[in-house]
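So the mapping is simple: the working numbering equals the position in the sequence shown, first residue as 1, plus 2. Where is the CB? At the ideal position from N, CA and C, for every residue including glycine. Only a predicted model underlies this, so the values are computations on that prediction, with no experimental measurement involved. Take a look at the structure set out below.
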Amino acid sequence: MLMMNNYSQRRSAVGVVGATGYAGRELLRRLAAHPGVELVAAMSGARTAEPMDVAELAPAYRGQLRTQPPDVAAMLAAGAEVVFLATPAEVSTTWVEALPRQRIIDLSGAYRFTNAAVYGWTEKNRGAIIPARLVANPGCYATAANIALWPLIRAGVIAAENVICDAKSGASGAGRGLRDDLHFVELASNCKAYGVYTHRHAPEIASQTGADLPTFAFSAHLLPTERGILATLYVNLKKPDLAAAYERAYAGHPFVRLRGARLPELNDVVGTNFCDLGWVVRADERQAIVVSCLDNLVKGAAGQAVQNFNLMTGWPEETALL
Numbered sequence: 003m004l005m006m007n008n009y010s011q012r013r014s015a016v017g018v019v020g021a022t023g024y025a026g027r028e029l030l031r032r033l034a035a036h037p038g039v040e041l042v043a044a045m046s047g048a049r050t051a052e053p054m055d056v057a058e059l060a061p062a063y064r065g066q067l068r069t070q071p072p073d074v075a076a077m078l079a080a081g082a083e084v085v086f087l088a089t090p091a092e093v094s095t096t097w098v099e100a101l102p103r104q105r106i107i108d109l110s111g112a113y114r115f116t117n118a119a120v121y122g123w124t125e126k127n128r129g130a131i132i133p134a135r136l137v138a139n140p141g142c143y144a145t146a147a148n149i150a151l152w153p154l155i156r157a158g159v160i161a162a163e164n165v166i167c168d169a170k171s172g173a174s175g176a177g178r179g180l181r182d183d184l185h186f187v188e189l190a191s192n193c194k195a196y197g198v199y200t201h202r203h204a205p206e207i208a209s210q211t212g213a214d215l216p217t218f219a220f221s222a223h224l225l226p227t228e229r230g231i232l233a234t235l236y237v238n239l240k241k242p243d244l245a246a247a248y249e250r251a252y253a254g255h256p257f258v259r260l261r262g263a264r265l266p267e268l269n270d271v272v273g274t275n276f277c278d279l280g281w282v283v284r285a286d287e288r289q290a291i292v293v294s295c296l297d298n299l300v301k302g303a304a305g306q307a308v309q310n311f312n313l314m315t316g317w318p319e320e321t322a323l324l
C-alpha cells in the first residue's frame, strides 16, 4: 500500500541520536540508501563520541559527517527536521523536551504508554502516524507478538485469556553495553530464559493487542545468534479462522507475509523488514500455535522506524526497505 502526502518526493534534513548502537547503525544504513533523506547530524548516545566514521555505514557522506557527542545545540544548528532517537528512555525524554518543533521517531520505550506520542505500529496505526510529531516505535519482541495476536483477538478467533508467548532473540537485542552475561563464552552454544512474567514488553503487548495481561505468560530467551526474533505463541481457539483474520488485517501491508502451515524461521527474515507468520491448528480445533519471525534490528527497530518516517514524510512505505 503506497501512501503519499504533501511532503512527497521532498528530502528531509534528518538527525540520528544513538548512531553508534546496533539499532542506530542499522538505521544509518537504511537512511543512507533513502532518496528522501539528507543526513545532517549523527550523534553517539553516550556523553563522548565513539571514533566511528559514518562513512563506514553511509558511503554517501564520506568526509562530511562523523558521529559526535549528543548535543542539542548542534542538532538545532544542523537544521534537522526529523530526529531519530535510538537511545535509552531517560535520554529520549530529554531530547523530546529539547526539540519541541522537530518531528521525532523514538526507538526507546519512553513514550509507548503515553498519549503524548502515537504508537508507531505501522500496520495498525498508519492513519495516526502520518501527521504525528512524536512517534513511539514499538519494542522488538512486542512487534513480533503484536502482529501475531492483534488480528486474532480483534476478530474473536482466539480467547484473550491464557495466551502464552515463548520468544527468542539474537544477542543484539540486548544492546552494545558491556555485560558479563553477554560475553561470547556465556552465549556460545547456550540458550537461556529471562524476564519470565516480568519482562517490560508484556504490558506493551497486552495493551496493544487486547490480550489479558493477568493471564498472559511471556518468556524471553537469549539465542547465541547475532540477530532475529522467533516468537512461538500458544492460543486457545474460539473458531479456527486464523487465515481469514490475518488476510483481513494485513491485506495491502507489504511487510507482513502470511506463510500458513509453512512455519517461518530466522533465515527467512534476517536482514529484511518482513515479519513472517505461520500457524498450525490442533486436530480438535481448540488450540493453535502461531510462529512470528522478524529481524529485531530491522522490523523490530530501525526498519519499522524508517517505515514510520516514510508515512510521515510522504514517501512510498517500502522506500529504503526492500
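Element boundaries [beta strand (DSSP E), containing residue i]
{"i": "Phe311", "result": "It is not in any beta strand (DSSP E) - Phe311 instead sits in the alpha helix (DSSP H) that spans Gly305 to Thr315."}
{"i": "Tyr196", "result": "Lys194 to Tyr196"}
{"i": "Ser14", "result": "Ser14 to Val19"}
{"i": "Asp270", "result": "Careful: Asp270 lies outside any beta strand (DSSP E), inside the alpha helix (DSSP H) at Leu268 to Val271."}
{"i": "Ser94", "result": "No beta strand (DSSP E) contains Ser94, which is instead part of the alpha helix (DSSP H) from Ala91 to Ala100."}
{"i": "Ala44", "result": "Val39 to Met45"}
{"i": "Val165", "result": "Note, Val165: premise wrong, no beta strand (DSSP E); not H, not E."}
{"i": "Asp108", "result": "Arg105 to Asp108"}
{"i": "Arg262", "result": "Checking the displayed sequence, the identity of residue 262 turns out to be Gly instead of Arg. Gly262 -> beta strand (DSSP E) spans Val258 to Gly262."}
{"i": "Val300", "result": "It is not in any beta strand (DSSP E) - Val300 carries neither H nor E in the DSSP assignment."}
{"i": "Phe86", "result": "Val84 to Leu87"}
{"i": "Leu136", "result": "Leu136 to Ala138"}
Short Cβ contact (7 Å threshold) for residue i with residue j
{"i": "Val39", "j": "Leu33", "result": "yes"}
{"i": "Ser94", "j": "Ala112", "result": "yes"}
{"i": "Arg105", "j": "Val84", "result": "yes"}
{"i": "Ala290", "j": "Val283", "result": "yes"}
{"i": "Asp120", "j": "Ile107", "result": "At residue 120 the sequence reads Val, which differs from the Asp that was named. In this structure, Ile107 does not lie closer than 7 Å to Val120 by Cβ."}
{"i": "Leu235", "j": "Ala157", "result": "no"}
{"i": "Ala21", "j": "Ala35", "result": "no"}
{"i": "Ala251", "j": "Glu206", "result": "no"}
{"i": "His201", "j": "Ala233", "result": "no"}
{"i": "Tyr248", "j": "Pro102", "result": "no"}
Separation of residue j from residue i, as counted between CA atoms
{"i": "Val292", "j": "Ile160", "result": "11 Å"}
{"i": "Ala208", "j": "Ala322", "result": "31 Å"}
{"i": "Asp243", "j": "Trp317", "result": "34 Å"}
{"i": "Asn310", "j": "Phe276", "result": "14 Å"}
{"i": "Ile231", "j": "Gly47", "result": "24 Å"}
{"i": "Ala246", "j": "Ala134", "result": "31 Å"}
{"i": "Ala253", "j": "Asp168", "result": "27 Å"}
{"i": "Glu163", "j": "Ala219", "result": "10 Å"}
{"i": "Gly129", "j": "Asn192", "result": "42 Å"}
{"i": "Arg13", "j": "Pro37", "result": "7 Å"}
{"i": "Arg27", "j": "Gly212", "result": "33 Å"}
{"i": "Val16", "j": "Leu324", "result": "20 Å"}
{"i": "Ala51", "j": "Ala91", "result": "Low per-residue confidence applies at Ala51: pLDDT is 48, beneath 50, and the placement is therefore not dependable, though the value from the model is reported in the following sentence. C-alpha separation (whole angstroms): 19 Å."}
{"i": "Met3", "j": "Arg31", "result": "Model confidence at Met3 stands at a pLDDT of 38, short of 50, so the residue's coordinates are unreliable; what they give is reported in the following sentence. So the alpha carbons of these two residues sit roughly 24 Å apart."}
{"i": "Ala285", "j": "Leu239", "result": "12 Å"}
{"i": "Val165", "j": "Phe257", "result": "24 Å"}
{"i": "Glu319", "j": "Glu125", "result": "11 Å"}
{"i": "Tyr24", "j": "Pro266", "result": "24 Å"}
{"i": "Asn127", "j": "Pro72", "result": "30 Å"}
{"i": "Arg259", "j": "Tyr199", "result": "29 Å"}
{"i": "Asp214", "j": "Leu268", "result": "28 Å"}
{"i": "Ala100", "j": "Met77", "result": "10 Å"}
{"i": "Ala82", "j": "His255", "result": "29 Å"}
{"i": "Arg261", "j": "Thr89", "result": "34 Å"}
{"i": "Thr217", "j": "Val237", "result": "12 Å"}
{"i": "Gly302", "j": "Arg229", "result": "10 Å"}
{"i": "Ala118", "j": "Thr315", "result": "20 Å"}
{"i": "Asn312", "j": "Thr69", "result": "24 Å"}
{"i": "Asp270", "j": "Lys170", "result": "15 Å"}
{"i": "Cys295", "j": "Gln210", "result": "18 Å"}
{"i": "Glu287", "j": "Leu29", "result": "42 Å"}
{"i": "Arg264", "j": "Asp278", "result": "10 Å"}
{"i": "Ala146", "j": "Phe115", "result": "18 Å"}
{"i": "Ile155", "j": "Lys241", "result": "11 Å"}
Enclosing alpha helix (DSSP H) for residue i [first to last residue]
{"i": "Cys142", "result": "Cys142 to Arg156"}
{"i": "Val292", "result": "Premise fails: Val292 lies in the beta strand (DSSP E), Gln289 to Leu296, not in any alpha helix (DSSP H)."}
{"i": "Glu28", "result": "Tyr24 to Ala34"}
{"i": "Arg250", "result": "Leu244 to Tyr252"}
{"i": "Val283", "result": "Run containing Val283: none in the alpha helix (DSSP H); it sits in the beta strand (DSSP E), Cys277 to Val283."}
{"i": "Lys126", "result": "Thr124 to Ile131"}
{"i": "Val74", "result": "Val74 to Ala80"}
CB contact below 7 Å: residue i versus chain D
{"i": "His203", "result": "Going by chain labels, chain D is absent from the structure shown, which holds only one protein chain."}
Contact belief for residue i with residue j at Cβ below 8 Å, rounded distance in angstroms
{"i": "Gly305", "j": "Thr227", "result": "The pair is not a contact, with the Cβ atoms about 18 Å apart (cut-off 8 Å)."}
{"i": "Gly273", "j": "Asp297", "result": "6 Å"}
{"i": "Asn139", "j": "Ala307", "result": "5 Å"}
{"i": "Leu136", "j": "Leu109", "result": "Their Cβ separation, rounded to whole angstroms, is 12 Å, which puts Leu136 and Leu109 out of contact at 8 Å."}
{"i": "Leu224", "j": "Tyr196", "result": "6 Å"}
{"i": "Trp97", "j": "Val19", "result": "6 Å"}
{"i": "His203", "j": "Gly122", "result": "With a Cβ gap of about 15 Å, His203 and Gly122 do not count as contacting."}
Q.
To test your reading of the DSSP string, which unbroken beta strand (DSSP E) runs of 3 or more residues are found completely within the segment 204 to 235?
A. Complete beta strand (DSSP E) runs here, min 3: 219 to 224.
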